[in-house]
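Residue numbers (our numbering): 71 to 122. Each residue gets a CB set at the ideal place from its N, CA and C atoms; glycine is no exception. Given the structure is predicted, the values throughout are model-derived calculations rather than measurements. Okay, structure first, notes after.
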């Protein structure tokens, strides 16, 4: 979970630097998307029918 969020934040920072953004739009967007993806993957594993 932490790896997904870290990769999203790192990727967003690199995109902000590449496009020379004054506000960290890519960092914010990719961080939020990576948090959503990490939560989805974690909850998908926790909410499984018994026996799987």
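Inclusion of residue 103 and residue 121 in the CB contact set at 9 angstroms is not warranted, their separation being larger than that value. Counting only runs of 4 or more residues that sit fully inside the region 84-109, no alpha helix (DSSP H) segment turns up.
Sequence-distant partners of residue 106 (beyond 5 residues in either direction) whose C-beta falls short of 8 angstroms from its own C-beta are missing from its chain.
Cα atoms of residue 71 and residue 111: separation of roughly 8 angstroms, rounded to the nearest angstrom.
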